[in-house]
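Residue numbers (this note's numbering): 199 to 335.
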C-alpha cells in the first residue's frame, strides 16, 4: 500500500471537492482516466501560417484604428489649441480667465465650419433651427 505525501493528498482532496466527489471517488476516476491511455496530443484548429496571417491582419487593423483615433483627436483639439496658441502669442501673459473668455467669444467662428459640414448630411436647417436628417451614424 502506498500513501501520498500530505501536500499531495491535500491537493487531491481540494480537486475532489471542486468536482463534488469524495477523495476515493476522485482517485478511482483519475486511475480509470489514466488507464485509458488517452492521446494527449491536440490537433491545432489552424496552422501557424494562418495564425500569423490573422495576427498580421489584426495588427494592421489596430494600426489603422490608432491612426484614425489620432486624426480624430487632432481634429477635435486643433481648433481650440490653435485658438489658444494664437491668443497667447497676441497677448503674452494672458491669464487662464482671459484665455477662457477668448474661447467663449470665438465659439461661433469655430462652430460654423462644423455646422456647414453637417448640414445636408446629418443635420437639416429649417428656419434657423437644426434637425437630424436621420442619415447620420
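Just so you know, even glycine gets a beta-carbon here, dropped at the ideal spot from N, CA and C. Nothing here was measured: the structure is a model prediction, and the numbers come from that model.
Original post:
Can you find at least 3 beta carbon pairs, one from the stretch 317-331 and one from the stretch 286-303, that sit closer than 8 Å?
Top reply: no
Subject >> Given 8 Å, three or more beta-carbon pairs between the stretch 301-308 and the stretch 268-283 >> reply: Because the criterion of three Cβ pairs below 8 Å is met, the stretch 301-308 and the stretch 268-283 touch.
Subject >> Boundaries (first-last residue) of the alpha helix (DSSP H) holding residue 311 >> reply: 305-316
Original post:
Are the Cβ atoms of residue 210 and residue 217 separated by less than 8 Å?
Top reply: no
Subject >> CB of residue 247 within 8 Å of CB of residue 277, strictly >> reply: With respect to the 8 Å criterion, residue 247 and residue 277 are not classified as neighbours on the basis of their beta carbons.
Original post:
What does a CB cutoff of less than 7 Å around residue 256 pick up in its chain, not counting 5 residues either side in sequence?
Top reply: none
Subject >> Expected contact under 8 Å - CB spacing of residue 285 and residue 264 to nearest Å >> reply: Residue 285 to residue 264, Cβ: 31 Å. No contact.
Subject >> residue 317 beta carbon less than 8 Å from that of residue 324 >> reply: no
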